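Student:
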Ligand SMILES: Nc1ncnc2c1ncn2[C@@H]1O[C@H](COP(=O)(O)OP(=O)(O)OP(=O)(O)O)[C@@H](O)[C@H]1O
Ligand SMILES: [Mg+2]
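Residue numbers (our numbering): 286 to 896.
#1: With which residues is residue 751 paired in a DSSP beta bridge?
#2: Less than 7 Å between the CB of residue 305 and some heavy atom of ligand 1, yes or no?
#3: Taking the Cβ atom as the reference point for each residue, do residue 365 and residue 355 lie within a distance shorter than 8 Å?
#4: Within the present structure, is the beta-carbon of residue 472 separated from the nearest heavy atom of ligand 1 by less than 7 Å?
#5: Between the Cα of residue 430 and those of 397, 456, 448, 458, spot the shortest distance and give me the residue it belongs to.
#6: For ligand 2, any of its heavy atoms closer than 7 Å to the Cβ of residue 707?
#7: Which residue comes first and which comes last in the alpha helix (DSSP H) that contains residue 436?
#8: Going by Cα to Cα distance, which pick from 603, 790, 469, 515 is closest to residue 448?
#9: Which two residues bound the contiguous beta strand (DSSP E) that contains residue 660?
#10: Are there 16 or more other CB atoms within 10 angstroms of the CB of residue 564, so buried, or fewer, so exposed?
#11: Checking 8 Å against the spacing of the C-beta atoms, do residue 483 and residue 459 come in under that value?
#12: Which of the three DSSP states is assigned to residue 472 in this structure?
#13: Under the criterion of a Cβ to heavy atom distance below 7 Å, does residue 467 qualify as lining ligand 1?
#14: So who's on the other strand from residue 684, going by DSSP bridges?
#15: Between residue 310 and residue 630, what straight-line distance do the alpha-carbon atoms span, to the nearest angstrom?
#16: So within the segment 529-610, which uninterrupted beta strand (DSSP E) runs reach at least 3 residues, ignoring any that extend past its ends?
#17: Which of the three DSSP states is assigned to residue 756 in this structure?
#18: For residue 862, which three-state DSSP category applies?
#19: Would you say residue 440 touches ligand 2, meaning its beta carbon is less than 7 Å from a heavy atom?
#20: Measure the alpha-carbon distance for residue 786 versus residue 708 and round it to whole angstroms.
#21: Just the Cα atoms here: how many angstroms apart are residue 748 and residue 701?
#22: Figure out for me which residue from 433, 842, 453, 751 has the closest Cα to the Cα of residue 295.
#23: Return yes when at least one heavy atom of ligand 2 lies under 7 Å from the C-beta of residue 636, else no.
#24: Can you give me the C-alpha to C-alpha distance between residue 424 and residue 437, rounded to a whole angstrom?
#25: Report the CB separation of residue 408 from residue 640 in whole angstroms; it is logged as a contact under 8 Å.
#26: Return the CA-CA distance between residue 353 and residue 669, expressed in angstroms with no decimal places.
#27: Rounded to whole angstroms, what is the Cα-Cα separation between residue 890 and residue 851?
#28: With a threshold of 7 Å, establish whether the CB of residue 539 neighbours any heavy atom of ligand 1.
#29: Taking 7 Å as the cut-off, does the CB of residue 639 come closer than this to any heavy atom belonging to ligand 2?
#30: Under 8 Å between the Cβ atoms of residue 746 and residue 704?
#31: Could you say if the segment 654-661 and the segment 680-688 meet the contact criterion of at least three C-beta pairs nearer than 8 Å?
#32: Taking 7 Å as the line, does the beta carbon of residue 300 fall inside it for any heavy atom of ligand 4?
#33: DSSP on residue 650, reduced to helix/strand/coil?
#34: Determine whether the beta carbon atoms of residue 457 and residue 600 lie at a separation below 8 Å.
#35: CA-CA distance, residue 493 and residue 361?
#36: With DSSP as the reference, label residue 449 as helix, strand or coil.
See the structure below:
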């Protein structure tokens, strides 16, 4: 063992992906290496299941069970990170960070087996475009899983590090194009004698292979509507069947120009299975996802503009993420940059390997190579202020930037502000990220109150607001009130996380209890059921709506009340109109209104379950 490591906590790098996750470390020869699962997989699906014995299963086996037991599985949890709503799984409810912690704990088992049991530090990657809450939730997930989270780094930066390790001497600008399952990120990185400097980042947190799958689901559903006049998307199980098939078709289309589709059963109607027998061409698929791919190219251009570089100044284009296997992606990049993109590091492993490189820099294992990476804040951050609007009137809700987009991090910046009313003794500091000059179009991060301001005429009391955007991409905000020698300092992070320790401990306990496995060898025959077994032929009521036309009004009313309960707390402001619809239907007791409300609410519930 390397002497430098004695007495130090081992450290790993983790790619916590929307679709797949993996863990890597610096091996004895000083190379980054993926730690495989017990079955020898380099990555495991980011899917968790609570099986019929109430045991938690993570990875391929859980993914295989999604069709049979959608309500016992969770997929694409990363898309929910930072949200406060719990996700239903079996008879439990998990916060997104708790669900992610379960995946991280699984990876930790592999690391323990490879590196020895015991406490470990981790470098965990996130999309460069992740918001503050999403980063905090990721850090929290790592801690719930029992890691000491040493660092959160951006995925394209990690990929550049993996690449940089093999290209240390070359001075060049590279562009990292990372199209994964859930997110798209692009970064422009300058490499120079072992220093990797991210110049700019752009991206979209909701653009990836998942979206392409859903486009294919729509295509398959339209076939069924045309052929059988049945929309299979009304049934949760049918939706999962189509989603699973869609991903397979998509992956085949990366290799073949035409794919034959044969799905024997999607739904059962009048005791007859209805299936799909058709074909799809690569061109058809490319047309379906054209708007997504075009958006990635717009973001590529934005990243280049922000870095003030011309296409010709980019020496290498790195492909990262499973979705870059789509031939059209490579073609678009090749046309734009006039050169073939690089795939010398496996696109699905680059991020985890780069996280391990960052881990190796921290632990000293890669000291010889003298590699350093600096990153940027991918978005502007600031606070809400009074601002003059188009009609020349002073209006609240203006956005005052404090940190600019693509500033190198860590960064600390302060701006002086003053009170705006006579005798004002409190001021609310509302923090946002985004680019728009009005906060309503930006993303709200949090707010806190500064009180104890001595009453004075408007504009006479000064408040210094400081933003500290740290190396993990997490923001700390301080407001300092300076008057007659008195200082009031409020730290937003404390403010936001007042009860976070309690919540954290509760999560740790909850996950530990959930994972407490019985000593008996885990038998999971039921999860290996074939596709046909998995389909419950008796369960026709699952498909479509029950006969509401002939139901008692009282039954409809009870149904509506139940839906109201099921929906409450799970929907956002935009979706609130459904509650009004339910309310109105219950009041009027008018059949058509009641049926409409039931159908709409059911649809929304299914959507919430699937999203
Ligand atoms: N040959 C292929 N052709 C097209 N898509 C593919 C292919 N192989 C994998 N994919 C898709 O790539 C995605 C997974 O890629 P990857 O593992 O890089 O994502 P991730 O890291 O989990 O997601 P993210 O980085 O967005 O959080 C899935 O949507 C998968 O269907
Ligand atoms: Mg990824």
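Using N, Cα and C, we set each Cβ at its ideal position, and we do this for glycine too. Please read these numbers as outputs of a predicted model, since none were measured by experiment.
Tutor: Put simply:
#1: Position 466 of the chain shown, counting from 1, holds the residue named residue 751. Answer is 699, 763.
#2: Translated into positions along the chain shown, residue 305 becomes position 20. True, at least one ligand heavy atom lies under 7 Å from that Cβ.
#3: On the chain shown, residue 365 is found 80 positions in, with the first residue counted as 1. On the chain shown, residue 355 is found 70 positions in, with the first residue counted as 1. No, they are not a contact pair.
#4: Translated into the one-based positions of the chain shown, residue 472 becomes position 187. No, ligand 1 has no heavy atom inside 7 Å of this Cβ.
#5: Position 145 of the chain shown holds residue 430. If we check each option's Cα against that of residue 430, 397 comes out closest.
#6: Start at 1 with the first residue of the chain shown, and residue 707 comes out as number 422. No, Cβ of residue 707 sits at least 7 Å from all heavy atoms of ligand 2.
#7: Taking the first residue of the chain shown as 1, we reach residue 436 at position 151. Element bounds for residue 436: not the alpha helix (DSSP H) but the beta strand (DSSP E), 432-439.
#8: Numbered from 1 along the chain shown, position 163 holds the residue referred to as residue 448. Taking only the C-alpha atoms, the option nearest residue 448 is 603.
#9: For the purposes of this step, residue 660 is taken as the residue at position 375 of the chain shown. Unbroken beta strand (DSSP E) run through residue 660: 657-661.
#10: Along the chain shown, one-based indexing puts residue 564 at 279. Classification of residue 564: exposed, given that the 10 Å Cβ count is below 16.
#11: As a working note, residue 483 is residue 198 in the chain shown. As a working note, residue 459 is residue 174 in the chain shown. Cβ atoms of residue 483 and residue 459: not closer than 8 Å.
#12: Translated into the one-based positions of the chain shown, residue 472 becomes position 187. In this structure, residue 472 counts as strand in the three-state DSSP scheme.
#13: Start at 1 with the first residue of the chain shown, and residue 467 comes out as number 182. Yes, the Cβ of residue 467 comes within 7 Å of a heavy atom of ligand 1.
#14: Translated into positions along the chain shown, residue 684 becomes position 399. 669, per the DSSP bridge assignment.
#15: The residue you call residue 310 lines up with position 25 of the chain shown. The residue you call residue 630 lines up with position 345 of the chain shown. Rounded to the nearest angstrom, the two C-alpha atoms are 16 Å apart.
#16: 543-554, 557-566, 601-605
#17: As a working note, residue 756 is residue 471 in the chain shown. Looking at residue 756 - three-state DSSP - the assignment turns out to be coil, as it is neither helix nor strand.
#18: On the chain shown, position 577 is the one that residue 862 refers to. Reduced to three states, the DSSP call for residue 862 is helix.
#19: What you label residue 440 is simply residue 155 of the chain shown in a count that begins at 1. Ligand 2 approaches residue 440 closely enough that one of its heavy atoms is under 7 Å from the residue's Cβ.
#20: Residue 786 sits at position 501 when you count from the first residue of the chain shown. Residue 708 sits at position 423 when you count from the first residue of the chain shown. Straight-line spacing of the CA atoms in residue 786 and residue 708 works out to 37 Å.
#21: For the purposes of this step, residue 748 is identified with residue 463 of the chain shown, where counting begins at 1. For the purposes of this step, residue 701 is identified with residue 416 of the chain shown, where counting begins at 1. Computed Cα separation, rounded: 6 Å.
#22: Taking the chain shown and counting its residues from 1, the one referred to as residue 295 is at position 10. Taking only the C-alpha atoms, the option nearest residue 295 is 433.
#23: Within the chain shown, residue 636 is the residue found at index 351, counting from 1. Within the cutoff, so yes.
#24: Mapped onto the chain shown, residue 424 falls at position 139. Mapped onto the chain shown, residue 437 falls at position 152. Approximately 7 Å, taken between the alpha carbons.
#25: In the chain shown, counting from the first residue as 1, residue 408 sits at position 123. In the chain shown, counting from the first residue as 1, residue 640 sits at position 355. With a Cβ gap of about 5 Å, residue 408 and residue 640 count as contacting.
#26: The sequence position of residue 353 within the chain shown is 68, counting from 1. The sequence position of residue 669 within the chain shown is 384, counting from 1. Here the alpha carbons of residue 669 and residue 353 stand approximately 49 Å from one another.
#27: Translated into the one-based positions of the chain shown, residue 890 becomes position 605. Translated into the one-based positions of the chain shown, residue 851 becomes position 566. Their Cα atoms are separated by approximately 8 Å.
#28: The residue labelled residue 539 in the question sits at position 254 within the chain shown. Yes - ligand 1 has a heavy atom lying nearer than 7 Å to the Cβ of residue 539.
#29: Position 354 of the chain shown holds residue 639. Outside the cutoff, so no.
#30: The residue labelled residue 746 in the question sits at position 461 within the chain shown. The residue labelled residue 704 in the question sits at position 419 within the chain shown. Yes, they are a contact pair.
#31: no
#32: Because ligand 4 does not appear in the structure shown, any question about it cannot be addressed here, the ligands present being ligand 1 and ligand 2.
#33: Working through the chain shown from its first residue, we reach residue 650 at position 365. Residue state for residue 650 is assigned as coil, using DSSP reduced to three classes.
#34: Counting from one through the chain shown, the residue named residue 457 turns up at place 172. Counting from one through the chain shown, the residue named residue 600 turns up at place 315. Yes, they are a contact pair.
#35: Stepping through the chain shown from its first residue, residue 493 is reached at position 208. Stepping through the chain shown from its first residue, residue 361 is reached at position 76. Computed Cα separation, rounded: 11 Å.
#36: For the purposes of this step, residue 449 is identified with residue 164 of the chain shown, where counting begins at 1. Reduced to three states, the DSSP call for residue 449 is helix.
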